[in-house]
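Enquirer: Below you will find the structure I want to go over with you.
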Amino acid sequence: MSDLSQLIDFIRKEFNHSLKSFPLPGSPKYLYNPIKYSLESKGKRYRPIIVHLAGRSFKSDPDELMKISLGIELLHNFTLIHDDIMDSDDIRRNVPTLHKKFDVPSAILAGDGIFTISQLILISLEHNSTKLLQKYNEVVLEICEGQALDKEFEDQAEIELDAYIDMVKKKTGALLGACLCLPAIMHGESSEKVEKLYNVGKCLGVAFQLQDDILEIFGDEKVIGKSLGSDIIANKKTAIALIANKINSDEWNNLISEFDGNNLEKIRNFLSDNGINSEVKNLTNTYFQSSYESLLKLGFNQDSEVYRFFKIIQGRHF
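Numbering (the working numbering), first residue to last: 1095 to 1412.
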């Protein structure tokens, strides 16, 4: 795995350099200072890495792949900025969210600016930029649909797990699907293969979100970059919450009504004692396995960089 680890580190380093050196005007400061702030934080860069690994399988130009990576990461930042506003989140990646650092109007405008810049980057691609940009905007709309469903769920007393999974495929999975299918579009792959790759990414997105649902309660606050239990306080409909409510709604509702951010151990014990943590882990592994099987059918064998990177993502600590 060391050769792949070195490659991943190289891609991450090159991407961070490209993002940091991306030319942005200095004025008007009201727009560009918040944009620059939003781009300062260094995430794990899973999405740019997937773009490059997928593109390498097509022998694509690294410079063109970097453009796709930048476009997708900027889109990701745009969604996070607006998501934080809608959820009233104060911390992201251990620093104040954009609307807390500046204000809500500044954050909305910065998000709009970042979204526009991402499209300008993608339209500069030398090959199949029109087709690629069409798919990109379809992805954006699907992400918006996912966010809308997530907000609707907040006002609904009961949500079926299948409905939650469908929402996650849109809100989280669509962007990961783009990481796989946009390089394929640039390379001129068939529409059928593009859609299959897109669906692999959506499947990975479900597994990724289910992992996050677990880590949000059982993880390390310093690693995930936000307060543990914040989804519980916000009464978010996560996979864990949905299953817990179905198994023992009275006890679960009592626990979350008493939760103030300090008695997380009681919730952890309840989830472990009732097998809920294990159930979500098993569901997570099911979606990972499904993504592996789909990759194999598309010609990405177990030694391929994409397949092996999926395994690394699966290995994130619960």
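Where a beta carbon is used, it is the ideal one built from N, C-alpha and C, also for glycine.
In this structure, how does DSSP classify E1253 when only helix, strand and coil are distinguished?
Expert: It is worth fixing the name first, because residue 1253 is Ile in this sequence and not Glu. Here I1253 sits in coil by DSSP.
Enquirer: Determine, using beta carbons only, whether I1341 comes closer than 8 angstroms to chain C.
Expert: You won't find chain C in this structure, because it holds only one protein chain.
Enquirer: Return helix, strand or coil for R1402, following the three-state DSSP convention.
Expert: Three-state DSSP puts R1402 in a helix.
Enquirer: What span of residues does the alpha helix (DSSP H) with L1392 cover, start to end?
Expert: It is not in any alpha helix (DSSP H) - L1392 carries neither H nor E in the DSSP assignment.
Enquirer: Considering only residues of the same chain and omitting the five flanking positions on each side of M1095, which have a CB-CB separation below 6 angstroms?
Expert: With a pLDDT of only 48 at M1095, under the threshold of 50, the placement of this residue in the model should not be trusted; the figure read from the coordinates follows. Correct list: empty, nothing qualifies.
Enquirer: Classify R1139 as helix, strand or coil using the three-state DSSP reduction.
Expert: Reduced to three states, the DSSP call for R1139 is coil.
Enquirer: With three or more beta-carbon pairs closer than 8 angstroms as the criterion, would you say the stretch 1192-1204 touches the stretch 1117-1135?
Expert: Because the criterion of three Cβ pairs below 8 angstroms is met, the stretch 1192-1204 and the stretch 1117-1135 touch.
Enquirer: Starting from the Cα of I1259, find the closest Cα among L1304, I1237, N1329 and E1315 and give me that residue.
Expert: That would be L1304, whose Cα lies nearest to the Cα of I1259.
Enquirer: Measure the alpha-carbon distance for R1362 versus G1313 and round it to whole angstroms.
Expert: Approximately 11 angstroms, taken between the alpha carbons.
Enquirer: Can you tell me the Cα-Cα spacing of P1199 and S1372, whole angstroms?
Expert: In a straight line, the C-alpha of P1199 is about 42 angstroms away from that of S1372.
Enquirer: Nearest-angstrom Cα distance between Q1408 and S1121?
Expert: The straight-line gap from Cα to Cα measures roughly 42 angstroms.
Enquirer: Should V1198 be listed as close to the ligand PLP, given that the test is whether its C-beta is under 7 angstroms from any heavy atom?
Expert: What this structure holds is no ligand at all, so the ligand PLP is not there to describe.
Enquirer: So which of C1275, T1332, K1391 and M1280 has the shortest CA-CA distance to E1252?
Expert: Taking only the C-alpha atoms, the option nearest E1252 is T1332.
Enquirer: Between which two residues does the alpha helix (DSSP H) harbouring A1338 extend?
Expert: It spans A1333 to I1341 - the alpha helix (DSSP H) in which A1338 sits, taken as one unbroken run.
Enquirer: Can you give me the C-alpha to C-alpha distance between N1171 and E1289, rounded to a whole angstrom?
Expert: If you take the alpha carbons of N1171 and E1289, they lie about 24 angstroms apart.
Enquirer: Three or more C-beta pairs under 8 angstroms: does that hold for the stretch 1207-1219 against the stretch 1168-1187?
Expert: Verdict: yes, contact present.
Enquirer: Can you tell which of F1247, S1351, E1387 and L1309 has its C-alpha closest to the C-alpha of N1293?
Expert: Ranking F1247, S1351, E1387 and L1309 by Cα distance to N1293 puts E1387 first.
Enquirer: Got a sec? Which residues, its chain only, sit under 7 angstroms from D1155 by beta carbon, not counting five neighbours each side?
Expert: Cβ within range, chain order: n/a, list empty.
Enquirer: Please report the residue range of the alpha helix (DSSP H) in which L1291 lies.
Expert: From DSSP, the alpha helix (DSSP H) with L1291 extends over S1285 to F1312.
Enquirer: Would you identify the three-state DSSP class for R1410, choosing helix, strand or coil?
Expert: R1410 falls in the coil class under three-state DSSP.
Enquirer: Is the distance from the Cβ of Y1381 to the Cβ of A1301 below 8 angstroms?
Expert: Yes, Cβ-Cβ distance for Y1381 and A1301 is below 8 angstroms.
Enquirer: S1112 and L1164 - do their beta-carbons sit closer together than 8 angstroms?
Expert: Yes, they are a contact pair.
Enquirer: Tell me which same chain residues have a C-beta within less than 7 angstroms of the C-beta of D1181, skipping the five on either side of it?
Expert: A1328, listed in sequence order.
Enquirer: Give the secondary structure of R1187 by DSSP, where H, G and I count as helix, E and B as strand, and everything else as coil.
Expert: Three-state DSSP puts R1187 in coil, outside helix and strand.
Enquirer: Excluding sequence positions up to five away, which residues of its chain have a Cβ less than 6 angstroms from the Cβ of K1114?
Expert: Cβ neighbours of K1114 beyond the five flanking positions: none.
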